[in-house]
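In full-length UniProt numbering, the protein residues as written are 1 to 261. Ideal Cβ placement from N, Cα and C applies to all residues, glycine included.
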Ligand SMILES: Nc1ncnc2c1ncn2[C@@H]1O[C@H](COP(=O)(O)OP(=O)(O)OP(=O)(O)O)[C@@H](O)[C@H]1O
Ligand SMILES: [Mg+2]
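If you want it as structure tokens, here you go:
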């Protein structure tokens, strides 16, 4: 059935050069509501370049980028946000000394009006933040605590809950589990699955096939800016995804060399 619906995002043969460096070429994929599209690849594969195009940070110079079936070319991240595309970067744009709830709103805090003046509605702000986090199964003791005191995993979770709360349709996560231990990575992946189950289309960038496979619906593998493969989940198993990520035949040769050395 999903084949019949228009994807939230569709890129077709998209490419991007930085001067004479071709960072990305001939990349095609889709992002559908209620599904997770994983982008995998080694350092320099072009993963961040692809999501920066989707997020409005850079523009593609080849191919086509459609949102809800309509060709687009974003001039800024604001344009992408206006279309419901929210991006959580690895180095989260958080203010470490600011409280969790202020970070949650970041400029759109609820206010109360007293005569001609407006004041922050701290009580409401805290309550809304607590409720949004609880709705995603995140239980923080105190939303007044500085965001800098949260663990890396907790920060990712708050950023995901924030995007969901403010009505994002597409959630892009650039290596959300890269710096995390096994347990925290698991918690972040659970929130990725929750965002998906709420009907968002998710783009998950990762190096790790073990993180991608359980939550992913399709897998786009990139290598040196070019597509190495593109699979629906039914077309590939974890072992094969891992093998492809590791360089497949290259790794087998290396293993053989190491064993016989
Ligand atoms: N602003 C830029 N100017 C010039 N070259 C760039 C720029 N950004 C990226 N590149 C080059 O484009 C290629 C792809 O980079 P990109 O950051 O997209 O890779 P990546 O897959 O995200 O890698 P990593 O896993 O290290 O984050 C690399 O060769 C990189 O050096
Ligand atoms: Mg990157």
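My understanding is that residue i touches residue j, with C-beta atoms under 8 Å, so please give their C-beta distance in whole angstroms.
i, j, result
"residue 36", "residue 176", "In fact, because the Cβ distance is near 12 Å, the residues do not count as touching under 8 Å."
"residue 32", "residue 186", "Contact doesn't hold; Cβ gap of about 24 Å is too wide."
"residue 28", "residue 12", "5 Å"
"residue 42", "residue 233", "Rounded, the Cβ-Cβ distance is 22 Å, inconsistent with contact."
"residue 174", "residue 48", "6 Å"
"residue 100", "residue 143", "5 Å"
"residue 14", "residue 62", "6 Å"
"residue 193", "residue 86", "Contact flag wrong, Cβ pair sits at about 17 Å."
"residue 51", "residue 164", "Actually they do not touch by this definition, with Cβ atoms about 18 Å apart."
"residue 34", "residue 199", "5 Å"
"residue 68", "residue 150", "The Cβ separation is near 34 Å, so there is no contact."
"residue 244", "residue 228", "7 Å"
Please determine, among the options, the residue with the shortest C-alpha to C-alpha distance to residue i.
i, options, result
"residue 231", "85, 51 and 39", "39"
"residue 264", "34, 78 and 42", "This structure does not reach residue 264, given that the chain is present from 1 up to 261, and the question cannot be answered."
"residue 238", "41, 257, 258 and 212", "212"
"residue 225", "29, 23, 17 and 10", "23"
"residue 139", "118, 161, 119 and 148", "161"
"residue 182", "66, 100 and 210", "210"
"residue 135", "116, 191 and 121", "191"
"residue 98", "198, 147 and 205", "147"
"residue 197", "208, 205, 216 and 73", "216"
"residue 110", "116, 117 and 124", "124"
"residue 26", "220, 254, 242 and 58", "220"
"residue 195", "207, 206, 166 and 184", "166"
Which same chain residues end up closer than 6 Å to residue i when comparing Cβ atoms and leaving out the 5 residues on each side of it in sequence?
i, result
"residue 108", "none"
"residue 104", "129 and 162"
"residue 112", "119 and 121"
"residue 46", "23, 24, 222 and 225"
"residue 83", "67"
"residue 184", "153"
Once you ignore the five residues that flank residue i on each side, which residues in its own chain have a CB closer than 7 Å to its CB?
i, result
"residue 188", "153, 156, 157, 176, 177 and 180"
"residue 10", "30 and 66"
"residue 246", "none"
"residue 21", "none"
Only counting the same chain, and skipping five residues up and downstream in sequence, which positions put a Cβ closer than 8 Å to that of residue i?
i, result
"residue 96", "146, 147 and 148"
"residue 73", "59, 60 and 65"
"residue 56", "74, 75, 76, 77, 78, 79, 80, 81 and 85"
Can you confirm whether residue i, when its beta carbon is compared against all beta carbons of chain B, has any partner nearer than 8 Å?
i, result
"residue 17", "Although the question refers to chain B, the structure presented lacks it and comprises just one protein chain."
Report the start-end ranges of each alpha helix (DSSP H) in the stretch 207-260 that is 4 residues or longer and not cut off at the edges.
209-215, 238-245 and 249-260
Which runs of the beta strand (DSSP E) fall wholly inside the stretch 131-208 and span at least 3 residues, in chain order?
Runs found: 170-174 and 201-206.
Every unbroken beta strand (DSSP E) within the stretch 44-87, with a cutoff of 3 residues, ordered by chain:
62-67
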